[in-house]
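See below for the structure under consideration.
2 protein chains.
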Amino acid sequence: MTANRPLILLTNDDGIHAEGIRYLTIAMEHVGEYWVVAPEAEQSAVGHSITLYDPIKAHEISKNGSFYGYGISGTPADSVKLAIHSLLPRVPDLVISGINNGANVGINVLYSGTVSAATEAAILGVPAMAVSLAQKKNPPFQWVVPHVERLALWLLKFGLPPGVALNVNIPAIPPEALRGYKLTRQRLAKMRESFEEREDPRGNRYYWLSGEVPIEESDDSLDATALNDGFVSITPLFYDLTAHSHLQDLATALKNLT
Amino acid sequence: MTANRPLILLTNDDGIHAEGIRYLTIAMEHVGEYWVVAPEAEQSAVGHSITLYDPIKAHEISKNGSFYGYGISGTPADSVKLAIHSLLPRVPDLVISGINNGANVGINVLYSGTVSAATEAAILGVPAMAVSLAQKKNPPFQWVVPHVERLALWLLKFGLPPGVALNVNIPAIPPEALRGYKLTRQRLAKMRESFEEREDPRGNRYYWLSGEVPIEESDDSLDATALNDGFVSITPLFYDLTAHSHLQDLATALKNLT
Chain G
9 MTANRPLILL
19 TNDDGIHAEG
29 IRYLTIAMEH
39 VGEYWVVAPE
49 AEQSAVGHSI
59 TLYDPIKAHE
69 ISKNGSFYGY
79 GISGTPADSV
89 KLAIHSLLPR
99 VPDLVISGIN
109 NGANVGINVL
119 YSGTVSAATE
129 AAILGVPAMA
139 VSLAQKKNPP
149 FQWVVPHVER
159 LALWLLKFGL
169 PPGVALNVNI
179 PAIPPEALRG
189 YKLTRQRLAK
199 MRESFEERED
209 PRGNRYYWLS
219 GEVPIEESDD
229 SLDATALNDG
239 FVSITPLFYD
249 LTAHSHLQDL
259 ATALKNLT
Chain C
9 MTANRPLILL
19 TNDDGIHAEG
29 IRYLTIAMEH
39 VGEYWVVAPE
49 AEQSAVGHSI
59 TLYDPIKAHE
69 ISKNGSFYGY
79 GISGTPADSV
89 KLAIHSLLPR
99 VPDLVISGIN
109 NGANVGINVL
119 YSGTVSAATE
129 AAILGVPAMA
139 VSLAQKKNPP
149 FQWVVPHVER
159 LALWLLKFGL
169 PPGVALNVNI
179 PAIPPEALRG
189 YKLTRQRLAK
199 MRESFEERED
209 PRGNRYYWLS
219 GEVPIEESDD
229 SLDATALNDG
239 FVSITPLFYD
249 LTAHSHLQDL
259 ATALKNLT
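Residue numbers (the numbering used here), protein chains in the order written: chain G, 9 to 266; chain C, 9 to 266.
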């Protein structure tokens with residue numbers, strides 16, 4: 009945090025015109041100076057994509073006659089990279105991605121553009137959080153605003169360990185029903201998913217991914233469980249995919265290879 | 009491994025018509041029955057994307073007059089999901105993704121479609137490896153074939169811990185110069201990257217991501233270092249993004265929030 013007003017980058021994967029990111033700007037009113045840099049089009053489930061083989065376009069977007077931010081032709085991770093390296097006047101003090109309509113917990117964390125934007129900021133050394141609200145249709149974003157403000161002020165004051173980003177999921181329940189904040193782990197159970205096969209009018213087969221009901225687990229230290237139990241779930245994420253606990257036994261197993 | 013011939017799913021992110029995946033089929037000739045299910049178009053740097061809001065089309069692809077595999081309208085992770093859930097006659101014994109032209113080490117592991125296909129297989133409970141060759145232009149894929157065959161047979165015999173996938177990177181050096189196999193960790197250092205700003209004929213700004221030179225590190229347990237040193241780098245990956253080593257101190261820090 010600088011002596012001046014903190015600089016906050018706001019981004020998302022639902023596009024710069026989404027309602028969720030507008031509520032982030034409302035949450036930032038008393039926190040600091042914010043810049044909105046986000047994909048122009050919706051980019052859900054893009055995972056941690058970046059654009060290498062196309063140029064990235066950035067358009068100035070106005071709302072109610074004044075500058076609102078930059079709409080980007082790329083992905084959420086592109087938005088964070090471009091904002092930090094080129095568009096912003098200086099490296100921001102905080103990056104917030106969201107508000108996503110629908111939870112980003114469990115395996116979905118891997119597919120989430122919202123989360124990947126926060127991870128990208130963490131890689132670039134900026135404290136970051138992804139914020140999701142666990143309701144897809146007509147999400148009550150106004151309930152999320154005080155949490156975002158509170159968490160942002162906390163992050164600006166205390167920071168995060170290097171490389172760590174927070175994945176914040178908020179239950180879609182009235183504020184008085186909320187049970188508090190809980191630090192959680194990513195649930196790792198796979199989904200019970202399947203594809204629905206259909207045929208188009210020309211006889212070609214196509215498939216819809218469906219039935220993504222997660223397999224139930226009752227461990228209340230997990231992101232999905234805490235969320236279901238009425239807590240704001242806060243999972244610290246780190247971008248090291250190495251299976252550290254298996255390095256030893258795999259080194260042994262590898263002796264059978266050579 | 010079943011009593012019958014093992015069933016192997018081959019996929020990639022460069023598209024079903026890429027040279028790299030054809031070399032995987034060559035490597036499988038004496039290993040088992042293989043099915044090719046891969047994106048129809050090139051999908052590099054798609055990260056761990058899945059297609060939720062569009063149907064996925066699957067076309068039968070022939071080569072030299074006989075069935076070669078399925079071209080998919082989605083991403084590498086989609087290909088793995090659809091193949092395992094719908095297209096293949098049974099759950100495969102092994103999934104191999106590649107051969108990518110260009111290394112997938114360090115931070116790039118997060119952006120790699122090749123790697124995400126292997127990770128997706130691991131989530132679905134199938135042993136998997138991603139294979140990349142560290143040369144982008146005219147990669148000498150023929151040098152990779154014996155490694156893929158050898159590693160595949162080893163994986164079919166010994167398996168992998170649940171949820172783990174291997175990220176295999178092979179140096180583009182003649183077989184006689186190769187120094188062996190090495191078990192490695194993902195390098196976590198960020199890139200020294202920047203955007204090159206240009207202007208189109210209509211005066212609109214656009215940006216190219218460039219200067220992705222990785223910051224050098226000399227730890228030889230890292231994927232990038234082992235590869236540079238002439239080893240086949242084998243990194244076990246696990247899809248848990250939780251920053252486990254920071255759960256304790258963040259739980260303490262969180263007390264300042266409430």
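Built from N, CA and C at the ideal position, the CB exists for glycine as well.
Three Cβ pairs or more, each shorter than 8 Å: is that satisfied between the stretch 224-236 of chain C and the stretch 182-194 of chain C? yes
Can you name, in chain order, every residue of its own chain whose Cβ lies under 7 Å from the Cβ of Pro-244/C, other than the five neighbours on each side? Val-172, Leu-174
Show which residues of chain G have a CB atom less than 7 Å away from the CB atom of Leu-90/C. Phe-203, Tyr-215
With DSSP run on the structure shown, which of helix, strand or coil describes Gly-79/G? strand
Compute the distance between the beta-carbons of Ala-272/C and Glu-157/C, then report whether it is under 7 Å. Residue numbering for chain C in the displayed model covers 9 to 266; residue 272/C lies beyond these limits and cannot be assessed.
I'd like to know if the stretch 202-214 of chain G and the stretch 134-152 of chain C are in contact, where contact means that at least 3 CB-CB pairs between them fall below 8 Å. no
Between which two residues does the beta strand (DSSP E) containing Ile-16/G stretch? 15-19
Between Leu-196/G and chain C, is the shortest Cβ-Cβ distance under 7 Å, so that the two count as touching? yes
Which residues in chain C sit within 9 Å of Trp-162/G, going by Cβ to Cβ distance? Ala-261, Leu-262, Asn-264, Leu-265
Separation of Ile-181/G from Tyr-61/G, as counted between CA atoms: 43 Å
Counting only C-beta atoms, is Thr-250/C closer than 7 Å to chain G at any point? yes
Spell out a yes or no on whether the stretch 79-96 of chain C and the stretch 17-29 of chain G are touching, meaning 3 or more CB-CB pairs, one atom from each, closer than 8 Å. no
Euclidean distance between Cα positions of Tyr-78/C and Trp-151/G: 46 Å
So what's Met-9/G in DSSP terms, helix, strand or just coil? Because the pLDDT of Met-9/G is 45, which lies under 50, any placement of that residue in the model is unreliable, and the number read from its coordinates should be weighed accordingly. Correct three-state label for Met-9/G: coil.
Identify the contact partners of Ser-124/G in chain C, using a Cβ-Cβ distance below 9 Å as the criterion. Gly-55, His-56, Leu-118
Using the C-alpha atoms, what's the distance from Asn-109/C back to Lys-145/C? 7 Å
With 16 other Cβ atoms within 10 Å as the buried cut-off, status of Asn-72/G: exposed
Which class does Phe-166/G belong to by DSSP, given the choice of helix, strand or coil? helix
Which of helix, strand or coil DSSP assigns to Met-36/G: coil
Between Thr-10/G and His-254/C, what straight-line distance do the alpha-carbon atoms span, to the nearest angstrom? In this prediction, Thr-10/G has a pLDDT of 46, which is less than 50 and means its spatial position is unreliable; nothing more can be read from the coordinates.
Nearest-angstrom Cα distance between Leu-265/G and Ala-160/C? 10 Å
Assuming the contact rule is C-beta atoms closer than 8 Å, Ser-87/C and Ile-80/C should be a hit. Round their C-beta distance to whole Å, please. 5 Å
Whole-Å CB distance - Val-240/G paired with Val-176/G, under 8 Å assumed: 7 Å
Taking only the alpha-carbon atoms, compute the straight-line gap between Ser-229/C and Ala-251/G and give it to the nearest angstrom. 14 Å
Where does Gly-111/G land, buried or exposed, given buried means 16+ other C-beta within 10 angstroms? Looking at the sequence shown, residue 111/G is not Gly but Ala. By the 10 Å Cβ count, Ala-111/G comes out buried.
I'd like the ranges of any alpha helix (DSSP H) spanning at least 4 consecutive residues and lying wholly in the stretch 180-265 of chain G. 231-236, 255-261
Chain-ordered chain C contacts of Ile-181/G [CB-CB under 9 Å]: By Cβ distance, chain C contributes nothing, its closest Cβ being about 17 Å from Ile-181/G, past 9 Å.
How would you call Ala-271/G, buried or exposed, if buried means at least 16 neighbouring beta carbons within 10 angstroms? Look at the range of chain G in this structure, 9 to 266, and you will see that residue 271/G is not part of it.
Can a CB atom of chain G be found closer than 7 Å to the CB of Phe-149/C? no
Note down the Cα distance separating Thr-19/G from Gly-106/G, rounded to an integer number of angstroms. 6 Å
N-terminal and C-terminal residue of the alpha helix (DSSP H) that Val-88/G is part of: 84-90
Distance CB(Leu-4/G)-CB(Glu-41/G) smaller than 7 Å: Outside the shown range of chain G (9 to 266) lies residue 4/G, about which nothing can therefore be said.
is_contact[Met-9/C, chain G] using C-beta, thresh 7 Å: Only weak support is given to the placement of Met-9/C: the predicted model assigns it a pLDDT of 45, under 50, and the value that follows is read from those uncertain coordinates. Cβ-Cβ to chain G under 7 Å: no for Met-9/C.
Can you confirm whether Leu-258/G, when its beta carbon is compared against all beta carbons of chain C, has any partner nearer than 7 Å? yes
Check distances from the C-beta atoms of the stretch 168-180 of chain C to those of chain G and list, in chain order, the residues that come in under 9 Å. Leu-168, Pro-169, Gly-171, Val-172, Ala-173, Leu-174, Asn-175
Does DSSP put Leu-102/G in a helix, a strand or coil? strand
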